[in-house]
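Data first, discussion second: the structure below is written as structure tokens.
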Amino acid sequence: MLATPQSLSVIGRDELTDRNVQTTTEALRYTPGVFASTSAVSSRFDYFSLRGFDATLNGALLDGLRSTTAQSYVRYQPYGLESIDVLRGPSGFLYGVGSPGGVVNGISKHPTEQPLHEVGVQLGNHDRYQGQFDFSGPVNDDKTLLYRLVGVGRDSNTQFNNVPDDTAYIAPSLTWQPDGDTTLTLLTSFSRDKFGPPRNFTPIYGTLLSNPNGKLPRDVYLDNSGLDNHMNQTNIGYEFDHRFDDVWSFHSASRYTYNDLLTQTWSGTRLAADMRTLNRAAYQFAIKGKVWATDNNVKAHWDAGSVTGTTVLGVGYRHTGEDYYLNYGAAPSVDIYRPTYGGSFSAATLLPRLTKAPMKPASIWVIRWRWPSA
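Under UniProt numbering, the first residue of the sequence shown carries the number 1, and numbering increases by one thereafter.
Following this line, the structure appears as structure tokens:
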């Protein structure tokens, strides 16, 4: 960190554990220059901005690679991360095109030579039940083959009735190190998250301003129960490192990411004249995003008398695509003081409107040079 000519913060594993963070957004809340916040009813993505610039799309990385498309954002499980690096300011030298405010790079848990057997159980309010495990160690006696298996399962409600905060996450990884100069690690993760609609609409009358019908409770839920809001995410990739000698080394990393997001909501639009009937509209948003990203570089550590430094020559490529659907139409109104739930999305509920963005390639090539001196 002392040799990095950039404002940098590192959130280590110990801090993530001590604070018991449940989302990456939550992990960033005490980091200088970062604003991180999510809706109380939905945490579909990792939302954050750095130095005033939104970085949700262009500033979220995992192991140095981006997994977002134009509409498909990401949500990383913090229990599956060893640390989170926050680089403030432009970081195109390291990661290509990104947010001008900086980037957030999550470092996945990797297999370890030391045996690790961790099991945890968490209980909380809103009927929260969570279990997690982290197993790692050598597969064979000479420790040339290492494994790690990380998992999280949660069944929980939220402060709003009928809104879940469920997750299922599994991340197996395998490392092959035939000698001290070569390492190949296969990294995979699979997750399914269930949550609420993007926001819980509540009218200003009955909350901040008085309503002749009375005050609304803080946990009132005016959307519809039973709506399907989920995100399935798959990550499959590798990291390869080889050191040729004391000067030259090679690094290669690639990952395929698939995001499947579905959002359904009967969102409030306006309060009727009786001050208790809320008109609503139905929205259904579905997106399937695919990303293939790779980064490769050759690094040379050199010493020219009193001057030492590192030269990096690298190339990166990213191919993204997505299918995006948006339907909307009318939804039944609801009595905000006596809400009743029922009904579902169907062809009769939504108007036949469709937007589709077919798969299109997008690539970034980066040539990187660095000449630091001591």
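Using N, Cα and C, we set each Cβ at its ideal position, and we do this for glycine too.
Limits of the unbroken beta strand (DSSP E) element including residue i
| i | result |
| --- | --- |
| Ala171 | Asp166 to Asp179 |
| Tyr8 | According to the sequence shown, residue 8 is Leu rather than Tyr. That run of the beta strand (DSSP E) goes Ser7 to Gly12. |
| Ser108 | Gly102 to Ser108 |
| Arg88 | Leu81 to Arg88 |
| Val34 | Val34 to Ala36 |
| Ala60 | Ala60 to Leu62 |
Identity of the residues DSSP links to residue i by a beta bridge
| i | result |
| --- | --- |
| Asn327 | Gln284 |
| Phe53 | Leu50 |
| Pro138 | Leu146 |
| Asn279 | Arg270 |
| Ala300 | Trp248 and Thr311 |
| Ser191 | Tyr169 and Gln233 |
| Gln130 | Gln122 and Arg154 |
| Phe240 | Leu184 and Ser252 |
| Glu113 | Answer is none; Glu113 lacks a bridge partner. |
| Tyr317 | Thr294 |
| Ala334 | Correcting the residue identity first, residue 334 is Val in this sequence and not Ala. DSSP output for Val334 lists Leu278 as bridge partner(s). |
| Asn224 | Paired residues: none, contrary to the question. |
| Arg66 | Leu61 |
| Tyr258 | Thr234 and Lys290 |
| Leu209 | Tyr205 |
| Gln264 | Gln284 |
| Glu322 | Gly289 |
Sequence-distant residues of the same chain with beta carbon closer than 6 Å to residue i, five excluded per side
| i | result |
| --- | --- |
| Asp228 | Leu262 and Gln264 |
| Asp193 | Thr167 and Met231 |
| Pro78 | Leu16, Val21, Thr24 and Ala27 |
| Thr257 | Ser67, Asn235 and Val291 |
| Ala374 | Confidence at Ala374 is low in this model, with a pLDDT of 44, below 50, so its placement is unreliable and no value can be given for it. |
| Ala331 | Trp266, Arg280, Ala281 and Ala282 |
| His251 | Asp241 and Asn297 |
| Thr175 | Pro111, Leu146 and Thr185 |
| Phe244 | none |
| Ala300 | Val247, Trp248 and Thr311 |
| Met359 | In this prediction, Met359 scores a pLDDT of 45, lower than 50, which makes its location untrustworthy; the coordinate-derived value is nonetheless stated afterwards. Once the five neighbours on either side are set aside, the close Cβ partners of Met359 are Gly321. |
Neighbourhood of residue i by C-beta distance below 8 Å, restricted to the same chain and skipping five residues each side
| i | result |
| --- | --- |
| Thr277 | Leu271, Ser333, Val334, Asp335 and Ile336 |
| Ile107 | Asp63, Leu81, Glu82, Ser83, Ile84 and Asp85 |
| Ala253 | Asp63, Gly64, Leu65, Gly237, Tyr238, Glu239, Phe240, Thr294, Asp295 and Asn296 |
| Val10 | Met1, Ser83, Ile84, Asp85 and Val86 |
| Asp14 | none |
Spatially closest choice to residue i from the options, by CA coordinates
| i | options | result |
| --- | --- | --- |
| Ser136 | Val119, Gly124 and Gln130 | Val119 |
| Arg255 | Gly268, Ala331, Asp246 and Phe240 | Phe240 |
| Pro100 | Arg29, Phe195, Pro90 and Pro198 | Pro90 |
| Tyr325 | Pro172, Ala286, His319 and Phe244 | Ala286 |
| Gly206 | Pro198, Arg199, Leu216 and Asn200 | Leu216 |
| Ala168 | Ile236, Ser156 and Ser67 | Ser156 |
| Thr340 | Ser37, Pro178, Leu28 and Asn224 | Asn224 |
| Gln114 | Tyr147, Thr311, Ser189 and Val104 | Tyr147 |
| Asn213 | Asp219, Pro203 and Tyr221 | Pro203 |
| Thr320 | Arg51, Gly59, Thr69 and Ser37 | Thr69 |
| Thr183 | Asp246, Ser7, Thr144 and Asp14 | Thr144 |
| Tyr328 | Lys299, Gln284, Arg338 and Gly316 | Gln284 |
| Glu322 | Gly12, Asp14, Gly52 and Ser72 | Ser72 |
| Asp260 | Val103, Phe53, Gly289 and Ser189 | Gly289 |
| His117 | Leu8, Tyr129, Phe133 and Lys109 | Phe133 |
| Gly226 | Gly342, Val103 and Gly12 | Gly342 |
| Pro32 | Arg88, Ala55, Asp14 and Phe53 | Arg88 |
| Thr188 | Leu208, Gly305 and Lys109 | Lys109 |
| Leu50 | Val103, Tyr30, Arg128 and Met275 | Val103 |
Residue i, enclosing alpha helix (DSSP H) - first and last residue
| i | result |
| --- | --- |
| Thr202 | No alpha helix (DSSP H) holds Thr202; DSSP gives it neither H nor E. |
| Thr25 | Thr24 to Ala27 |
Cβ-Cβ separation, residue j to residue i (assumed contact under 8 Å), whole Å
| i | j | result |
| --- | --- | --- |
| Pro75 | Phe48 | Sequence check: residue 75 is Arg here, not Pro. Not quite, the Cβ-Cβ distance comes to about 12 Å (not below 8 Å), so this is no contact. |
| Gly153 | Gly180 | No, Gly153 and Gly180 are not in contact; Cβ-Cβ is about 37 Å, not under 8 Å. |
| Leu61 | Asn105 | 4 Å |
| Asn161 | Tyr221 | 5 Å |
| Ala171 | Val150 | 4 Å |
The ligand PLP heavy atom lying under 7 Å from the CB of residue i
| i | result |
| --- | --- |
| Arg66 | With respect to the ligand PLP, the structure offers nothing, as it holds no ligand at all. |
Proximity test, Cβ basis, 8 Å: residue i and chain C
| i | result |
| --- | --- |
| Val21 | In the structure shown, chain C does not exist; there is a single protein chain. |
Proximal residues to residue i (C-beta, below 7 Å), its chain only, five neighbours per side dropped
| i | result |
| --- | --- |
| Pro352 | Because Pro352 carries a pLDDT of 46, less than 50, the predicted location of this residue cannot be relied on, and no value is offered for it. |
| Phe201 | Leu222, Ser267 and Gly268 |
| Arg19 | none |
| Ala347 | A caution first: Ala347 carries a pLDDT of 49, below 50, which makes its placement in the model unreliable, though a value can still be read off. Contacts found: none. |
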